[in-house]
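Participant: Residue 69 in the numbering used here is what sits at position 69 of the sequence shown, and the numbering runs on without skipping anything.
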Amino acid sequence: VSELTQKTAISKEMIKGIGLGVDNLGDFTEIKPQLEQKLGIPVLLEDKDLALLWGEKWLGLGLEGIEDIVYIASKDKCSFILGSDIYREKNSNVGRFFGLDLETNVMNIIDILNPQLVIINQALIKENSNLIESLKQKNKEQLYQDSSRQLQIMPSQLKEDAIIQGVVSLMIREVFANS
1 VSELTQKTAI SKEMIKGIGL GVDNLGDFTE IKPQLEQKLG IPVLLEDKDL ALLWGEKWLG
61 LGLEGIEDIV YIASKDKCSF ILGSDIYREK NSNVGRFFGL DLETNVMNII DILNPQLVII
121 NQALIKENSN LIESLKQKNK EQLYQDSSRQ LQIMPSQLKE DAIIQGVVSL MIREVFANS
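1. Can you tell me where the beta strand (DSSP E) with residue 18 in it begins and where it stops?
2. Based on the DSSP output, what are the partners of residue 71 in its beta bridges?
3. Between residue 56 and residue 122, what straight-line distance do the alpha-carbon atoms span, to the nearest angstrom?
4. Beta-carbon within less than 6 Å of residue 116's beta-carbon, same chain only, minus the 5 sequence neighbours each way: which residues are those?
5. Under DSSP, the beta strand (DSSP E) around residue 111 begins and ends at which residues?
6. Mind checking whether residue 71 and residue 18 have CB atoms under 7 Å apart?
7. Ordered along the chain, which non-local residues of its own chain (more than five positions away) have a Cβ less than 8 Å from that of residue 158?
8. So, at 8 Å on beta carbons, what are the nonlocal neighbours of residue 154 in its own chain, with the 5 sequence-adjacent residues on each side left out?
9. Using the Cα positions of residue 45 and residue 29, report the straight-line distance between them to the nearest angstrom.
10. So, with DSSP's three-state summary, where would you put residue 141?
11. Can you give the Cα-Cα distance for residue 16 and residue 35, rounded to whole angstroms?
12. Of all the CB atoms in chain B, is at least one closer than 7 Å to the CB of residue 160?
13. Give the C-beta separation of residue 77 and residue 96 to the nearest angstrom, bearing in mind that I take them to be a contact with Cβ-Cβ under 8 Å.
14. Drop a sphere of 10 angstroms on the beta-carbon of residue 105, count the other beta-carbons inside from all chains shown, and report buried for 16 or more, exposed for fewer.
15. Taking the beta strand (DSSP E) that residue 47 falls in, what are its first and last residues?
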């Protein structure tokens, strides 16, 4: 912070907070108070996959009208927003997939959460270019069970700095919610 304020025209009073997107959020929560005390400004620590989802919601895809979103971050993890509720990891198994192939895991999440949108991380699409089409086909085959399901499946739009963009959007949300 001091380096930033020394090298730019930004004063410390203009900095409303610092956000960090991390793996295994639980490992970092105990350092938040120490960081805030040392820096003298609010610190937001967030799970990197939730930051990716939040960035897509507000910056990548422009999804203001869509409430229920699942972000498939990796072969073994997802994050989700249902309504206005952001689901954060309270234990290490929230949003984790165990033992099944990715497509089956995604379809299970769709059946359980019934989201309006599923966003697939670009890295997963690079590994399997047919992933989205395959998921759409499987969803269509299962539609007879719930004809009211209006599901979109699409690739993530944010590329480089996506975690940073997500954490910034979450920090803005926190600052305005508390002001």
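Note that the Cβ used here is the ideal one computed from N, Cα and C, for glycine as well.
In this text the structure is predicted, and so the values were computed from the model without any measurement.
Facilitator: In brief:
1. Position 18 of the sequence shown, counting from 1, holds the residue named residue 18. First-last of the beta strand (DSSP E) with residue 18: 18–22.
2. Translated into positions along the sequence shown, residue 71 becomes position 71. 79 and 119, per the DSSP bridge assignment.
3. In the sequence shown, the residue the question calls residue 56 occupies position 56. In the sequence shown, the residue the question calls residue 122 occupies position 122. Rounded to the nearest angstrom, the two C-alpha atoms are 12 Å apart.
4. As a working mapping, residue 116 is identified with position 116 in the sequence shown. For residue 116, the CB contacts under 6 Å within the same chain, skipping 5 residues up- and downstream, are 66 and 68 in chain order.
5. Here residue 111 refers to the residue found at position 111 of the sequence shown. Judged by DSSP secondary structure, residue 111 falls outside any beta strand (DSSP E) and instead within the alpha helix (DSSP H) spanning 102–113.
6. Mapped onto the sequence shown, residue 71 falls at position 71. Mapped onto the sequence shown, residue 18 falls at position 18. No, Cβ-Cβ distance for residue 71 and residue 18 is not below 7 Å.
7. Within the sequence shown, numbered from 1, the residue matching residue 158 stands at position 158. 52, 55, 56, 59, 60, 165 and 166.
8. The residue labelled residue 154 in the question sits at position 154 within the sequence shown. Hits under 8 Å: 61, 117, 118, 119, 120 and 132.
9. Numbered from its first residue, the sequence shown carries residue 45 at position 45. Numbered from its first residue, the sequence shown carries residue 29 at position 29. Within the model, the alpha-carbon separation for residue 45 versus residue 29 is close to 7 Å.
10. Counting from one through the sequence shown, the residue named residue 141 turns up at place 141. Helix at residue 141.
11. By 1-based counting over the sequence shown, the position of residue 16 is 16. By 1-based counting over the sequence shown, the position of residue 35 is 35. C-alpha separation (whole angstroms): 14 Å.
12. Considering every chain present, this structure includes no chain B. It has just one protein chain.
13. Here residue 77 corresponds to residue number 77 of the sequence shown, with the count starting at 1. Here residue 96 corresponds to residue number 96 of the sequence shown, with the count starting at 1. Under the criterion of beta carbons closer than 8 Å, residue 77 and residue 96 qualify as touching, at roughly 6 Å.
14. Stepping through the sequence shown from its first residue, residue 105 is reached at position 105. By the neighbour-count criterion, in which 16 or more other beta carbons inside 10 Å mark a residue as buried, residue 105 falls on the buried side.
15. On the sequence shown, position 47 is the one that residue 47 refers to. Segment 43–47, the beta strand (DSSP E) holding residue 47.
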